[in-house]
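Participant: Let me give you the structure first, and then I'll get to my questions.
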DNA sequence: TGATTCTCTGGAACGTTGTTCCATAGACAA
DNA sequence: TTGTCTATGGAACAACGTTCCAGAGAATCA
């Protein structure tokens, strides 16, 4: 019954950690059962003893990242502040692990999304809303938080190499400026706002906006 | 120079139409160059003369669906109403073609997302906001609209088979109720709200909420 | 201790995928 | 007719997720 104790024994946890490392360094397409097996110095078949398939592995990896992010959220005095911190935690986690975003948008109501929903909901319960309003508020916040975080992560990492990010946004701005003037007047006009944009600040402002709407409708 | 006029000649448009049909009937994994070739009565290689690769084909298919949805949006008296109609158009398009959602979340700032951003932005220009606020408002709305639409589409089609949808939500509610009481108190309590939920109504309410926030900060 | 059972391993093999390559068919220009 | 260019479709390739299985190692039993 006790699991075998070979040296460096394979385990579900070690597999998930290796998968996260692979996804972080090689990108979304870098996770391959062959690459994973090489990294773990084993064969592809052995991995299937601990993990059902690639989908389950991706869910588990996202779950680990989001779970860790949520556990790192400090306690707060008010529900409003707590929700803001949860939002920032998720935002930064997806920014640091962009593949989590792509993974999450294909399984709402399940592990990774459900955990965020739960944390948000618990704070909303303290806000004295009727149950239907709690559900609406939690859904709205969840969609906004995950939606913005995914879009942000697509623009490159926020903290680690700020150069890459600015360069990427500058390049996107140039592409917008080169668009057809008749078909895309707004994108052309607004392109200047793109580089050097305070994404995290605007994100939090959006959360506050939704929260004030929720509290006003109470 | 004039393209060959064999009967039923292959064309980029015919390929995209076939791809959309395949995605709609067979799901996200149903789009295969072999299946596509069979459907078009040709070989896989011929398709590559008109389309660079699968990614471009998916972008083009999403672009066609979203473009069609945006073209179908009726004119409105006020910017607020126009934005609401754009939101509903996108929501229903993604609901009818769920694969569009998964596709869009991997390319913000490019064709399919950019078009929605442009339409939203043009309405916001009429609202007399300073440019930075226009950018923020358009980004917030875009993230919310696409985020909620994707999540909604994951729960099954809204109109076509209402039975499937209710059954799916009922099943999800049961799974939530079976969760660990200590770890997921909110999800368990709120599970009853899940089936029979007016998704479109709540979605529009969320849009109105953000819009009122935007107008209030003017 | 030795024999047996079970968990776990890792490499080979299968079917499918996206993509490339190329001989060549059809339409047009000279 | 002859030659040129666009377009075709089938064969071939590498890489992937997954399955399969012979057997290594640990645990259990006699």
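Chains as they are written, first to last, in the numbering used here: chain A, 75 to 292; chain B, 75 to 292.
Ideal placement from N, C-alpha and C gives every residue a C-beta, glycine not left out.
(1) Span of the alpha helix (DSSP H) holding residue 220 (chain B)?
(2) Within 7 Å (strictly less), CB to CB, does residue 248 (chain A) reach chain B?
(3) Under a three-way DSSP split, which group does residue 112 (chain B) fall into?
(4) Counting C-beta neighbours from all protein chains within 10 Å, is the total for residue 192 (chain A) 16 or more, i.e. buried, or is it exposed?
(5) Does the segment 181 to 189 of chain B come close enough to the segment 162 to 169 of chain B to have 3 or more Cβ pairs within less than 8 Å?
(6) Return the chain-ordered list of same chain residues with a C-beta closer than 6 Å to the C-beta of residue 173 (chain A), the five sequence neighbours on each side being excluded.
(7) Is residue 260 (chain A) helix, strand or coil when you go by DSSP?
(8) Once the 5 residues before and after residue 142 (chain B) are set aside, which same chain residues still bring their CB inside 6 Å of it?
(9) Of the residues that make up the segment 201 to 215 of chain B, which ones have a beta carbon closer than 8 Å to any beta carbon in chain A?
(10) CB-CB under 6 Å to residue 87 (chain A), same chain, minus the five flanking residues each way: which ones, in chain order?
(11) In the DSSP assignment, the alpha helix (DSSP H) including residue 147 (chain A) goes from what residue to what residue?
(12) Can you tell me whether residue 201 (chain B) is helix, strand or coil according to DSSP?
(13) So, do the segment 128 to 142 of chain A and the segment 150 to 160 of chain A have three or more beta carbon pairs nearer to each other than 8 Å?
(14) Just confirm the distance between the C-beta atoms of residue 287 (chain A) and residue 287 (chain B), as a whole number of angstroms; I'd bet it's less than 8 Å.
(15) So, using beta-carbon positions, are residue 269 (chain A) and residue 244 (chain A) closer together than 7 Å?
(16) Please classify residue 80 (chain B) as buried or exposed, where buried requires at least 16 other C-beta atoms within 10 Å of its C-beta.
(17) Could you have a look at residue 291 (chain B) and say whether DSSP puts it in helix, strand or coil?
(18) On the three-state DSSP scale, how would you describe residue 173 (chain B)?
(19) Can you tell me the Cα-Cα spacing of residue 84 (chain A) and residue 178 (chain A), whole angstroms?
(20) Can you tell which of B:224, B:90, B:107 has the C-alpha that lies nearest to the C-alpha of residue 137 (chain B)?
(21) Measuring straight from C-alpha to C-alpha, what distance separates residue 278 (chain B) and residue 260 (chain B)?
(22) Give the range of the alpha helix (DSSP H) segment to which residue 180 (chain A) is assigned.
(23) I'd like to know whether the C-beta of residue 107 (chain B) is nearer than 7 Å to at least one C-beta of chain A.
(24) Do three or more CB pairs link the segment 247 to 261 of chain B to the segment 187 to 201 of chain A at distances below 8 Å?
(25) Report the neighbours of residue 260 (chain A) on chain B: residues whose CB is nearer than 7 Å to its CB, in chain order.
(26) By how many angstroms is the C-alpha of residue 211 (chain B) removed from the C-alpha of residue 78 (chain A)?
(27) Would you kindly check if the distance between the Cβ of residue 113 (chain A) and the Cβ of residue 92 (chain A) is under 7 Å?
(28) If the criterion is Cβ atoms closer than 7 Å, does the pair residue 110 (chain A) and residue 169 (chain A) meet it?
Facilitator: In short:
(1) Along the second chain, one-based indexing puts residue 220 (chain B) at 146. Start and end: 205 to 228.
(2) Locating residue 248 (chain A) in the first chain gives position 174, counting from the first residue. Not closer than 7 Å to any Cβ of chain B, the Cβ of residue 248 (chain A) fails to qualify, so no.
(3) Stepping through the second chain from its first residue, residue 112 (chain B) is reached at position 38. DSSP places residue 112 (chain B) in helix when its eight states are reduced to three.
(4) As a working note, residue 192 (chain A) is residue 118 in the first chain. Looking at its Cβ environment, which holds 16 or more other Cβ atoms inside 10 Å, residue 192 (chain A) is buried.
(5) Cβ pair count under 8 Å is below three, so no.
(6) Numbered from 1 along the first chain, position 99 holds the residue referred to as residue 173 (chain A). Around residue 173 (chain A): 97, 102.
(7) What you label residue 260 (chain A) is simply residue 186 of the first chain in a count that begins at 1. Three-state result, residue 260 (chain A): helix.
(8) By 1-based counting over the second chain, the position of residue 142 (chain B) is 68. Nothing meets the Cβ criterion.
(9) 205, 206, 208, 209, 210, 212, 213, 214
(10) Along the first chain, one-based indexing puts residue 87 (chain A) at 13. If we look at residue 87 (chain A) and ignore the five residues flanking it on each side, it has no Cβ neighbours.
(11) Here the question's residue 147 (chain A) lines up with position 73 in the first chain. Premise fails: residue 147 (chain A) is in no alpha helix (DSSP H) and is neither H nor E.
(12) The residue given as residue 201 (chain B) occupies position 127 in the second chain. Residue 201 (chain B): coil per DSSP, three-state reduction.
(13) No, because fewer than three Cβ pairs between the segment 128 to 142 of chain A and the segment 150 to 160 of chain A fall closer than 8 Å, the two stretches do not touch.
(14) Numbered from its first residue, the first chain carries residue 287 (chain A) at position 213. Numbered from its first residue, the second chain carries residue 287 (chain B) at position 213. Correct: roughly 6 Å between the Cβ atoms.
(15) For this step, residue 269 (chain A) is matched to residue 195 along the first chain. For this step, residue 244 (chain A) is matched to residue 170 along the first chain. Yes, Cβ-Cβ distance for residue 269 (chain A) and residue 244 (chain A) is below 7 Å.
(16) Locating residue 80 (chain B) in the second chain gives position 6, where the first residue counts as 1. In this prediction, residue 80 (chain B) has a pLDDT of 47, which is less than 50 and means its spatial position is unreliable; what the coordinates show is noted afterwards. Around the Cβ of residue 80 (chain B), a 10 Å sphere holds fewer than 16 other Cβ atoms; the residue is exposed.
(17) Within the second chain, residue 291 (chain B) is the residue found at index 217, counting from 1. Note: residue 291 (chain B) maps to coil in three-state DSSP.
(18) Within the second chain, residue 173 (chain B) is the residue found at index 99, counting from 1. Assignment of residue 173 (chain B) by DSSP, reduced to helix, strand and coil, places it in the helix class.
(19) Within the first chain, numbered from 1, the residue matching residue 84 (chain A) stands at position 10. Within the first chain, numbered from 1, the residue matching residue 178 (chain A) stands at position 104. Cα-Cα distance, rounded: 26 Å.
(20) The residue labelled residue 137 (chain B) in the question sits at position 63 within the second chain. Nearest C-alpha to residue 137 (chain B): B:90.
(21) Here residue 278 (chain B) refers to the residue found at position 204 when the second chain is read from its first residue. Here residue 260 (chain B) refers to the residue found at position 186 when the second chain is read from its first residue. Answer to the nearest angstrom: the Cα atoms are 24 Å apart.
(22) Here the question's residue 180 (chain A) lines up with position 106 in the first chain. That residue, residue 180 (chain A), is in no alpha helix (DSSP H); it is neither H nor E in DSSP.
(23) In the second chain, residue 107 (chain B) corresponds to position 33, counting from 1. Not closer than 7 Å to any Cβ of chain A, the Cβ of residue 107 (chain B) fails to qualify, so no.
(24) The segment 247 to 261 of chain B makes contact with the segment 187 to 201 of chain A, as at least three CB pairs between them are under 8 Å.
(25) The residue given as residue 260 (chain A) occupies position 186 in the first chain. Here the neighbours are 192, 195, 196, 199.
(26) Sequence index remark: in the first chain, residue 78 (chain A) carries index 4 (1-based). Sequence index remark: in the second chain, residue 211 (chain B) carries index 137 (1-based). In this predicted model, residue 78 (chain A) has a pLDDT of only 41, less than 50, meaning its place in the structure is not dependable; the value taken from the coordinates is given anyway. Looking at the two C-alpha atoms, the distance is approximately 57 Å.
(27) The count along the first chain starts at 1 and reaches residue 92 (chain A) at position 18. The count along the first chain starts at 1 and reaches residue 113 (chain A) at position 39. Closer than 7 Å, so yes.
(28) Translated into positions along the first chain, residue 110 (chain A) becomes position 36. Translated into positions along the first chain, residue 169 (chain A) becomes position 95. Contact: no.
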